[in-house]
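**Student:** Note that the protein sequences, when read in sequence, are chains A and B. Everything in the first sequence is counted per our numbering, starting at 6 for the first residue and increasing by one. Everything in the second sequence is counted per our numbering, starting at 3 for the first residue and increasing by one. Note that CB positions come from ideal geometry on N, CA and C, so glycine has one too.
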Amino acid sequence: MSDETKIDLELDLKGLLCPLPMVKVSQNIGKVEVGGVIRAIATDPGAMADIPAWAKSTGNEVLQAEKVGGEFVFLVKRVK
Amino acid sequence: MDSTQLTTLTGVIDKKMNRQLKQYLDICARCAICKDACHQYVGTGDFKYLPARRAELIRQIYKKYFTKTGEFVPALYEARDPDENLLDELYDSTYACTGCRRCMYYCPFSIDTAWILSVAKAILIAAGKGNEMLGQLADAAIFKGDNAEMFNDVMVSGFEDIQEEVRAITGNPNSQVPVNKEGADILYVALAGAHSIRPAAVIFEEAGENWTISMFEAANYGFFYGDVEKARLITKRYIDEAKRLGVKEIVVPECGHAYRVAEFFYEAWSKEPMPFKISHILEKVDQYIKSGRITVDKGLIEGKVTYHDPCQLGRNGGKFEEPRDIVKAVTDNFVDLTPNRAEQWCCGGGGGIVAMEEFKDVRLASGIKKVEQLKASGATVLACPCENCRLQIEELNEVHELGLQVWQVIDLVVAAMPLKGTKPTHV
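Structure representation (structure tokens):
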């Protein structure tokens with residue numbers, strides 16, 4: 006999916022400790038249009054629960070949450 | 003503002019305003035001693051951050067609707083409607099406050115401005131003006147609690163990775179990070195980040211503790227947001243887990259507000275007695291060192307080390323000596339900040355302010371007293387058992403080029419333990 010999806014904003018969240026990756030995604034989601042996608046790369050494993058939980062509770066959508074090597078890659082779509 | 007909204011807001015005040023809060027509002031003499039106690043007022047010189055002024059906004063609404071003089075001659079008695087202007091002022095002065103309660107410590111009448119501002123937060127939330135970011139973080143935590151099975155696999159996978167890291171540090175291929183272990187003595191309620199779990203796991207393992215971790219973190223953004231029900235639900239997640247696992251004790255991590263919530267607030271929120279002992283991780287570590295359950299070597303930490311009392315753990319939690327005893331156990335080169343303990347300056351990073359981008363300038367300006375303290379200490383290493391404080395001080399460290407290493411206390415302990423494995427750099 007990541008190869009086909011247009012990315013509107015890249016967030017480098019490597020080195021940030023939870024819950025900061027979730028905070029940064031939340032702070033930046035308004036910077037893309039509705040329907041736009043943020044790709045966020047984090048290194049704290051806590052983000053694997055935090056970011057999907059944030060997306061569910063705010064009505065946004067995680068298109069991808071994947072561990073790649075020692076990193077966690079998220080595609081987050083702004084739904085509203 | 004229509005009459006329905008007004009009734010809702012005055013209803014919030016009526017419900018929250020008990021005898022002690024009314025006394026606080028009545029008794030303030032406007033002596034302004036609090037101006038020299040508040041790091042935010044000292045750092046910015048902005049009147050809206052003066053503690054007495056923050057409380058004054060609530061006092062003005064209270065006078066208008068709950069006193070005869072304020073109702074009939076509001077202009078004479080400084081009584082105001084909670085209109086948009088007042089609510090905007092209230093938002094800035096309330097959510098910027100870190101809740102450090104240094105103003106209360108110096109107030110001749112011990113007026114608890116942070117408590118008064120808990121009424122302000124309830125009013126703002128009822129008016130639909132609660133801080134959006136803190137509300138989202140609180141809702142995400144509640145969602146995790148309501149849908150734990152959805153996150154089980156990723157959480158367990160994360161714990162397995164941390165277990166491998168722990169084994170590399172201890173040099174023991176059998177070291178464990180036990181997850182949801184029934185019959186454990188201790189439930190360690192960590193933060194969501196691995197940095198909060200890894201060193202604690204090393205210490206528990208080396209101490210031979212019968213412990214476990216579960217799915218829920220200790221951080222509580224419902225508390226910062228100012229919604230008691232959300233705060234209760236977030237805490238209830240791990241209280242229920244502790245009951246299910248049958249543990250004897252809950253240990254909270256290096257997180258100031260998490261300790262205060264578990265030890266002091268949850269019983270009042272839930273109206274039921276806490277069925278376990280609540281301890282801070284540093285109380286346990288201090289006991290382990292003093293009883294010989296873990297060994298630390300004073301020669302392994304380089305540089306002059308100082309310690310910052312997080313407001314929620316120190317002034318508001320009473321834990322001053324255990325962290326200092328631990329730091330003194332791992333180094334002979336300790337220097338305290340001045341002032342310290344109950345008089346410690348707030349770093350400016352508490353109350354959830356590090357998550358609120360709109361207060362960044364205020365936050366950094368309000369750290370100036372902490373910067374002065376750190377420079378005066380001559381220390382090169384800072385031990386600090388609070389996530390929010392560390393985030394703030396690391397940023398101050400960069401901005402003011404202090405050249406400090408900012409450590410969790412438990413990271414210092416692991417660095418000072420004679421272990422067979424490979425020591426990580428801190429965090």
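If you measure between the beta carbons of residue 194 of chain B and residue 51 of chain A, is that distance less than 7 angstroms?
**Tutor:** Yes. Within cutoff.
**Student:** Residues in its own chain within less than 7 angstroms of residue 119 of chain B by CB, not counting five upstream and five downstream?
**Tutor:** Excluding sequence neighbours, residue 119 of chain B sits near 56, 96 and 99.
**Student:** Give a yes or no on whether 7 angstroms exceeds the smallest Cβ distance from residue 61 of chain A to chain B.
**Tutor:** Output row for residue 61 of chain A: interface = yes.
**Student:** Closer than 9 angstroms, Cβ to Cβ, to anything on chain A: give me those residues from the region 40–57 of chain B, in chain order.
**Tutor:** Those would be none; no residue qualifies.
**Student:** Is there contact between the region 389–398 of chain B and the region 255–262 of chain B, where contact requires at least three CB pairs shorter than 8 angstroms?
**Tutor:** In short, these stretches touch, since the Cβ pair count reaches three.
**Student:** Return the first residue and the last residue of the beta strand (DSSP E) that residue 76 of chain A is part of.
**Tutor:** Run containing residue 76 of chain A: 76–82, per the beta strand (DSSP E) assignment.
**Student:** So that I know if they touch, is there some Cβ in chain A lying closer than 7 angstroms to that of residue 141 of chain B?
**Tutor:** It does; some Cβ of chain A falls within 7 angstroms.
**Student:** With burial defined as no fewer than 16 other Cβ atoms inside 10 Å of the residue's Cβ, what is the status of residue 237 of chain B: buried or exposed?
**Tutor:** By the 10 Å Cβ count, residue 237 of chain B comes out buried.
**Student:** In chain order, what residues of the region 26–38 of chain A put their CB closer than 8 angstroms to some CB of chain B?
**Tutor:** Those would be 27, 28, 31 and 32, in chain order.
**Student:** Can you grab the Cα-Cα spacing for the pair residue 66 of chain B / residue 56 of chain A, in whole Å?
**Tutor:** Rounded to whole angstroms, residue 66 of chain B to residue 56 of chain A spans 44 angstroms at the Cα level.
**Student:** Which whole-angstrom value is the C-beta distance of residue 411 of chain B and residue 325 of chain B, which I expect to be below 8 angstroms?
**Tutor:** Going by Cβ atoms, the distance from residue 411 of chain B to residue 325 of chain B rounds to 6 angstroms, so yes, they are a contact pair.
**Student:** Flag residue 55 of chain A as yes if its beta-carbon sits less than 7 angstroms from any beta-carbon of chain B, otherwise no.
**Tutor:** Yes, its Cβ sits closer than 7 angstroms to a Cβ of chain B.
**Student:** Give a yes or no on whether 7 angstroms exceeds the smallest Cβ distance from residue 195 of chain B to chain A.
**Tutor:** Residue 195 of chain B counts as touching chain A.
**Student:** Please state the DSSP three-state secondary structure of residue 17 of chain A.
**Tutor:** Reduced to three states, the DSSP call for residue 17 of chain A is strand.
**Student:** To the nearest angstrom, report how far apart residue 263 of chain B and residue 37 of chain A are at their CA atoms.
**Tutor:** If you take the alpha carbons of residue 263 of chain B and residue 37 of chain A, they lie about 36 angstroms apart.
**Student:** Within a Cβ cutoff of 7 angstroms, which residues of the same chain sit near residue 340 of chain B, ignoring the five residues on either side of it in sequence?
**Tutor:** Same-chain partners within the cutoff: 375 and 378.
**Student:** Less than 7 angstroms between C-beta atoms, sequence neighbours within five positions excluded: which residues of the same chain meet that for residue 54 of chain B?
**Tutor:** Result list for residue 54 of chain B: 30, 32, 34 and 36, in chain order.
**Student:** Closer than 6 angstroms by C-beta to residue 240 of chain B: which residues in its own chain qualify, once you throw out the five before and the five after it? Chain order, please.
**Tutor:** Contacts found: 191 and 218.
**Student:** Using a cut-off of 8 angstroms between C-beta atoms, extract the partners of residue 45 of chain A located in chain B.
**Tutor:** Within 8 angstroms Cβ-Cβ: nothing; residue 45 of chain A doesn't reach chain B, min ~15 angstroms.
**Student:** Would DSSP call residue 309 of chain B helix, strand or coil?
**Tutor:** Looking at residue 309 of chain B - three-state DSSP - the assignment turns out to be strand.
**Student:** Considering Cα atoms alone, identify which of A:70, A:76, A:65 and A:74 is closest to residue 84 of chain A.
**Tutor:** Among A:70, A:76, A:65 and A:74, the Cα nearest to that of residue 84 of chain A belongs to A:65.
**Student:** Assess contact between the region 362–374 of chain B and the region 330–338 of chain B, defined as three or more Cβ pairs (one per stretch) separated by less than 8 angstroms. Is contact present?
**Tutor:** As far as the Cβ criterion goes, the region 362–374 of chain B does not touch the region 330–338 of chain B, which means the pair count is below three.
**Student:** For the alpha helix (DSSP H) that contains residue 26 of chain B, what are its first and last residues?
**Tutor:** Run containing residue 26 of chain B: 21–29, per the alpha helix (DSSP H) assignment.
**Student:** Which residues in chain B sit within 9 angstroms of residue 17 of chain A, going by Cβ to Cβ distance?
**Tutor:** Within chain B, no residue comes near residue 17 of chain A; the closest Cβ sits about 17 angstroms away, beyond 9 angstroms.
**Student:** Tell me whether residue 275 of chain B is buried or exposed, calling it buried when 16 or more other Cβ atoms sit within 10 Å of its Cβ.
**Tutor:** The residue in question, residue 275 of chain B, is exposed, as its Cβ has fewer than 16 Cβ neighbours within 10 Å.
**Student:** From the beta carbon of residue 400 of chain B, is the nearest beta carbon of chain A less than 7 angstroms away?
**Tutor:** It does not: the Cβ of residue 400 of chain B has no partner Cβ on chain A nearer than 7 angstroms.
**Student:** Of the residues B:230, B:282 and B:307, which one's Cα is nearest the Cα of residue 409 of chain B?
**Tutor:** It is B:307 whose Cα lies nearest to the Cα of residue 409 of chain B.
**Student:** Can you list, in chain order, the residues of the region 151–178 of chain B whose Cβ is nearer than 7 angstroms to any Cβ on chain A?
**Tutor:** Going along the region 151–178 of chain B in chain order, one finds 153, 156, 157, 160 and 163 with a Cβ nearer than 7 angstroms to chain A.
**Student:** For the beta strand (DSSP E) containing residue 117 of chain B, list its first residue and its last residue.
**Tutor:** Counting along the chain, residue 117 of chain B falls outside any beta strand (DSSP E), though it belongs to the alpha helix (DSSP H) covering 115–128.
**Student:** Say whether the region 303–318 of chain B touches the region 340–352 of chain B, bearing in mind that this needs 3 or more beta-carbon pairs closer than 8 angstroms, one atom from each stretch.
**Tutor:** Touching, yes, given that three or more Cβ pairs across the two stretches are closer than 8 angstroms.
**Student:** From residue 62 of chain A to residue 152 of chain B, what distance separates their C-alpha atoms?
**Tutor:** Each residue's alpha carbon lies about 13 angstroms from the other.
**Student:** Tell me which same chain residues have a C-beta within less than 7 angstroms of the C-beta of residue 50 of chain B, skipping the five on either side of it?
**Tutor:** Excluding sequence neighbours, residue 50 of chain B sits near 91, 94 and 95.
**Student:** Am I right that residue 43 of chain A and residue 67 of chain A are in contact with their C-beta atoms under 8 angstroms? What's the rounded C-beta distance?
**Tutor:** The Cβ separation is near 10 angstroms, so there is no contact.
**Student:** If the criterion is Cβ atoms closer than 7 angstroms, does the pair residue 232 of chain B and residue 251 of chain B meet it?
**Tutor:** Contact flag unset, no.
**Student:** Which value, in whole angstroms, describes the spacing of the CA atoms of residue 285 of chain B and residue 327 of chain B?
**Tutor:** Approximately 10 angstroms between the Cα atoms of the pair.
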